[in-house]
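A.B. asks: The structure's right below; bear with me while I get my questions together.
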Amino acid sequence: MVLTRFSFWEIFQMLILPSVLDTLKMVAIAGLLATVIGMFLGIVLVLTDKDGLSPNRVVFRVVDIFVNIIRSFPFIILIVTIIPLTRLIVGSSIGNTAALVPLTVACSPFMGRIFQNAFKEVDPALIEAAQSFGASKRQIMFKVYLKEGLPSVISGLSLGMINLLGCTAMAGAVGAGGLGAIALQYGYQNFNVQVMYTIVVILIVLVALIQYLGDWVYRKLK
Numbered sequence: 009m010v011l012t013r014f015s016f017w018e019i020f021q022m023l024i025l026p027s028v029l030d031t032l033k034m035v036a037i038a039g040l041l042a043t044v045i046g047m048f049l050g051i052v053l054v055l056t057d058k059d060g061l062s063p064n065r066v067v068f069r070v071v072d073i074f075v076n077i078i079r080s081f082p083f084i085i086l087i088v089t090i091i092p093l094t095r096l097i098v099g100s101s102i103g104n105t106a107a108l109v110p111l112t113v114a115c116s117p118f119m120g121r122i123f124q125n126a127f128k129e130v131d132p133a134l135i136e137a138a139q140s141f142g143a144s145k146r147q148i149m150f151k152v153y154l155k156e157g158l159p160s161v162i163s164g165l166s167l168g169m170i171n172l173l174g175c176t177a178m179a180g181a182v183g184a185g186g187l188g189a190i191a192l193q194y195g196y197q198n199f200n201v202q203v204m205y206t207i208v209v210i211l212i213v214l215v216a217l218i219q220y221l222g223d224w225v226y227r228k229l230k
């Protein structure tokens with residue numbers, strides 16, 4: 009598409025605004041999936057740790073190594089590496105829906121560490137008190153660990169969402185759509201500085217909003 013014959017407002021309506029909605033959709037869906045998976049990973053890591061409620065060295069090491077391996081991959085390489093998995097799940101490796109697979113895979117271990125660290129900050133005396141009252145492991149996990157660690161979880165999740173937003177921009181380089189694709193294709197490759205810097209400003213605003221919302225929820229829960 010030749011952009012020179014369009015005004016900036018027309019370009020904004022045709023390209024930038026839809027890409028903002030696509031990016032928000034990817035962040036929302038992948039963020040939700042990654043949070044659920046990350047909470048599961050965090051619970052397993054805390055429960056099976058040597059000081060956990062159900063110590064299991066084998067399970068802990070397997071999950072810990074898995075998390076470390078996925079986190080060590082640069083995101084752009086991870087996208088290419090798991091293309092067969094993406095195609096198996098959604099039938100394509102291009103588009104917003106396809107991008108949800110690598111985004112979720114990349115972000116889940118990060119979220120898992122957030123939950124693990126938040127749970128480890130819970131005062132052990134509270135755990136012992138709950139055990140003395142006969143609370144089950146499930147009750148301790150959700151009514152003590154999760155409840156007491158929630159402020160730290162919220163603070164960490166805001167960072168996770170910001171990280172995920174950055175990943176969606178990188179995913180645009182391999183056909184995921186969203187702001188990254190528009191910035192690369194119509195901004196950088198077409199030497200359209202106005203488009204490129206407009207998207208940069210939008211990303212800055214989105215990051216600020218996510219951080220502000222996370223800080224606001226953290227203060228309410230603290």
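To get the numbering used here, take the position in the sequence shown, counting from 1, and add 8. A virtual CB, placed ideally from N, CA and C, is assigned to each residue, including glycine.
1. Could you tell me if the beta carbon of S15 falls within a distance shorter than 8 Å of some heavy atom in the ligand SAM?
2. Answer yes or no: do A191 and V209 have a C-beta to C-beta separation smaller than 9 Å?
3. In chain order, what residues of the same chain have a beta carbon less than 7 Å from the beta carbon of I135, not counting five sequence neighbours either side?
4. Could you give the residue range of the alpha helix (DSSP H) that holds D131?
5. Find the nearest neighbour of L41 within the set D131, G157, G168 and A137, judged by alpha-carbon distance.
6. Among S15, L211 and L154, whose alpha-carbon lies nearest the alpha-carbon of F123?
7. Closest by CA to I84, which one among V28, G174 and N64?
8. Answer yes or no: do T112 and I45 have a C-beta to C-beta separation smaller than 9 Å?
9. What number of angstroms, rounded off, separates the C-alpha of F127 from the C-alpha of A114?
10. At which residues does the alpha helix (DSSP H) containing G50 begin and terminate?
11. To which residues of the same chain is L23 closer than 7 Å at the C-beta, ignoring the five residues directly before and after it?
12. Cutting at 6 Å between CB atoms, please list the residues of its own chain near G183, excluding the five before and the five after it.
13. Alpha helix (DSSP H) containing A189: first to last residue?
14. For chain B, check one thing: does any of its Cβ atoms lie closer than 9 Å to the Cβ of N64?
15. Note down the Cα distance separating F68 from Q219, rounded to an integer number of angstroms.
16. If you draw a straight line from the alpha carbon of V35 to that of L214, how long is it in whole angstroms?
17. Let me confirm a value: R121 is counted as buried when at least 16 other C-beta atoms fall within 10 Å, else exposed. Which label applies?
18. Which residues mark the beginning and the end of the alpha helix (DSSP H) in which F144 is found?
19. A107 and R95 - do their beta-carbons sit closer together than 9 Å?
20. In three-state terms, what does DSSP make of Q197?
21. The alpha helix (DSSP H) spanning V66 covers which residue range?
22. Going by CA-CA distance only, name the one from N200, G60 and A38 that's closest to E129.
23. Please identify the residue among L29, D30 and A38 whose C-alpha is closest to the C-alpha of N171.
C.D. replies: A quick look at the data gives this:
1. Inclusion of the ligand SAM in the displayed structure is not the case, the ligand content being empty and no account of it being possible.
2. On the sequence shown, position 183 is the one that residue 191 refers to. On the sequence shown, position 201 is the one that residue 209 refers to. No.
3. Here the question's residue 135 lines up with position 127 in the sequence shown. Answer for I135: I148 and V152, listed in chain order.
4. Locating residue 131 in the sequence shown gives position 123, counting from the first residue. Segment: none, D131 is in no alpha helix (DSSP H) and carries neither H nor E.
5. Walking along the sequence shown from the start, residue 41 turns up at place 33. The alpha carbon of L41 has as its nearest neighbour, out of D131, G157, G168 and A137, the alpha carbon of G168.
6. Taking the sequence shown and counting its residues from 1, one reaches residue 123 at position 115. Out of S15, L211 and L154, L154 has the C-alpha closest to the C-alpha of F123.
7. Residue numbering aside, residue 84 sits at position 76 when the sequence shown is read from its first letter. With distances taken between Cα atoms, I84 lies closest to G174.
8. Indexing the sequence shown from 1 puts residue 112 at position 104. Indexing the sequence shown from 1 puts residue 45 at position 37. Going by C-beta atoms, T112 is nearer than 9 Å to I45.
9. Position 119 of the sequence shown holds residue 127. Position 106 of the sequence shown holds residue 114. C-alpha separation (whole angstroms): 21 Å.
10. If you number the sequence shown from 1, residue 50 lands on position 42. Annotation for G50: the continuous alpha helix (DSSP H) segment containing it runs L25 to T56.
11. Position 15 of the sequence shown, counted from the first residue, corresponds to residue 23. Excluding residues up to 5 positions away in sequence, I190 and Y194 lie with their Cβ nearer than 7 Å to the Cβ of L23 in the same chain.
12. Translated into the one-based positions of the sequence shown, residue 183 becomes position 175. These residues qualify, in order along the chain: I102.
13. Reading the sequence shown from its first residue, position 181 is the one you call residue 189. Under the DSSP assignment, A189 falls in the alpha helix (DSSP H) whose first and last residues are L187 to I190.
14. In the structure shown, chain B cannot be found, because there is only a single protein chain.
15. Start at 1 with the first residue of the sequence shown, and residue 68 comes out as number 60. Start at 1 with the first residue of the sequence shown, and residue 219 comes out as number 211. Distance from the CA of F68 to the CA of Q219, rounded to the nearest whole angstrom, comes to 32 Å.
16. Counting from one through the sequence shown, the residue named residue 35 turns up at place 27. Counting from one through the sequence shown, the residue named residue 214 turns up at place 206. So the alpha carbons of these two residues sit roughly 11 Å apart.
17. As a first step, residue 121 is located in the sequence shown; it is residue number 113 there, counting from the start. With 16 or more other Cβ atoms from the protein chains shown falling within 10 Å of its own Cβ, R121 counts as buried.
18. Indexing the sequence shown from 1 puts residue 144 at position 136. A quick correction: the sequence has Ser, not Phe, at residue 144. Note, S144: premise wrong, no alpha helix (DSSP H); not H, not E.
19. Mapped onto the sequence shown, residue 95 falls at position 87. Mapped onto the sequence shown, residue 107 falls at position 99. The Cβ atoms of R95 and A107 lie no closer than 9 Å to each other.
20. Mapped onto the sequence shown, residue 197 falls at position 189. Three-state DSSP puts Q197 in coil, outside helix and strand.
21. Sequence index remark: in the sequence shown, residue 66 carries index 58 (1-based). Counting along the chain, the alpha helix (DSSP H) containing V66 begins and ends at R65 to S80.
22. The residue labelled residue 129 in the question sits at position 121 within the sequence shown. Looking at the Cα atoms, G60 is the closest of the given residues.
23. Along the sequence shown, read from residue 1 onward, the residue named residue 171 stands at position 163. Among L29, D30 and A38, the Cα nearest to that of N171 belongs to A38.
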